[in-house]
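What follows is a short report on a single structure.
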Amino acid sequence: MLSQECYKKIDRELAKYPADQRQSAVMASLAHAQVELGWLSPDTMQEVADYIGMPAIAVQEVATFYNMYNIKPVGQHKITVCTNLPCALSGGERAAKRIKDALGIGFRDTTADGKFTLMEGECMGACGDAPVMLVNNHQMCSFMSDEKIDALLEELNK
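One rule links them: number in my numbering = place in the sequence shown (from 1) + 29.
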């Protein structure tokens, strides 16, 4: 299921830890698998568990605990809006509504064309930059005015 290139990346993560602590690379390994496949199916989690030498349930516990892992299919672009209180009070609710209205979806929904999934997020550690959102777990967007949201959606929709 995972490519040889993905396994090479996982091997680089495993090399950072002593042989008897391979489980320490589980988060990075799941991240590499998710980048390659878009989400972490039960089969993918089993494959990572087998490769690292961990019980599958332990890998699943990690994947379901952290919200950066997709345990269900998501759109090509996953937009996570911080809705913790500081961001909510500083425009997070407005930003989320703007995206909901523009895409015609709610939180935890995916557009019919499969391009966008909208998620609520917990604190992203940038309260002073509110409203804050994360695109595909890799691109942090700060001070998201309506104009910046519109430009982001337009760019991602290309």
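Note that CB positions come from ideal geometry on N, CA and C, so glycine has one too.
If you're wondering where the values come from, they're calculated on a predicted model, not measured in any experiment.
Could you say if the segment 62-76 and the segment 85-95 meet the contact criterion of at least three C-beta pairs nearer than 8 Å? yes
Give me the Cα-Cα distance between Ile108 and Tyr80, rounded to the nearest whole angstrom. Your numbering for residue 108 matches position 79 in the sequence shown. Your numbering for residue 80 matches position 51 in the sequence shown. The alpha-carbon atoms of Ile108 and Tyr80 are separated by roughly 30 Å.
Checking 8 Å against the spacing of the C-beta atoms, do Val110 and Ile128 come in under that value? As a first step, residue 110 is located in the sequence shown; it is residue number 81 there, counting from the start. As a first step, residue 128 is located in the sequence shown; it is residue number 99 there, counting from the start. Yes, the Cβ-Cβ distance between Val110 and Ile128 is below 8 Å.
In terms of alpha-carbon separation, which member of Met153, Ala155, Met162 and Gly120 lies closest to Thr146? Position 117 of the sequence shown, counting from 1, holds the residue named residue 146. It is Met162 whose Cα lies nearest to the Cα of Thr146.
What number of angstroms, rounded off, separates the C-alpha of Thr140 from the C-alpha of Pro84? Here residue 140 refers to the residue found at position 111 of the sequence shown. Here residue 84 refers to the residue found at position 55 of the sequence shown. Approximately 35 Å, taken between the alpha carbons.
Assuming Met173 and Met153 make a contact with CB atoms under 8 Å, what is their CB distance in whole Å? Along the sequence shown, read from residue 1 onward, the residue named residue 173 stands at position 144. Along the sequence shown, read from residue 1 onward, the residue named residue 153 stands at position 124. Separation of the CB atoms of Met173 and Met153 is rounded to 12 Å, and the pair is thereby denied contact status at 8 Å.
Checking 8 Å against the spacing of the C-beta atoms, do Glu42 and Ser58 come in under that value? Looking up residue 42 in the sequence shown gives position 13. Looking up residue 58 in the sequence shown gives position 29. Yes. Within cutoff.
Can you give me the Cβ contacts of Ser32 inside the same chain, cut-off strictly under 8 Å, excluding the 5 residues immediately before and after it? As a working mapping, residue 32 is identified with position 3 in the sequence shown. Answer for Ser32: Glu65, listed in chain order.
Rounded to the nearest angstrom, what separates Met148 and Asp179 at their Cα positions? The count along the sequence shown starts at 1 and reaches residue 148 at position 119. The count along the sequence shown starts at 1 and reaches residue 179 at position 150. The straight-line gap from Cα to Cα measures roughly 17 Å.
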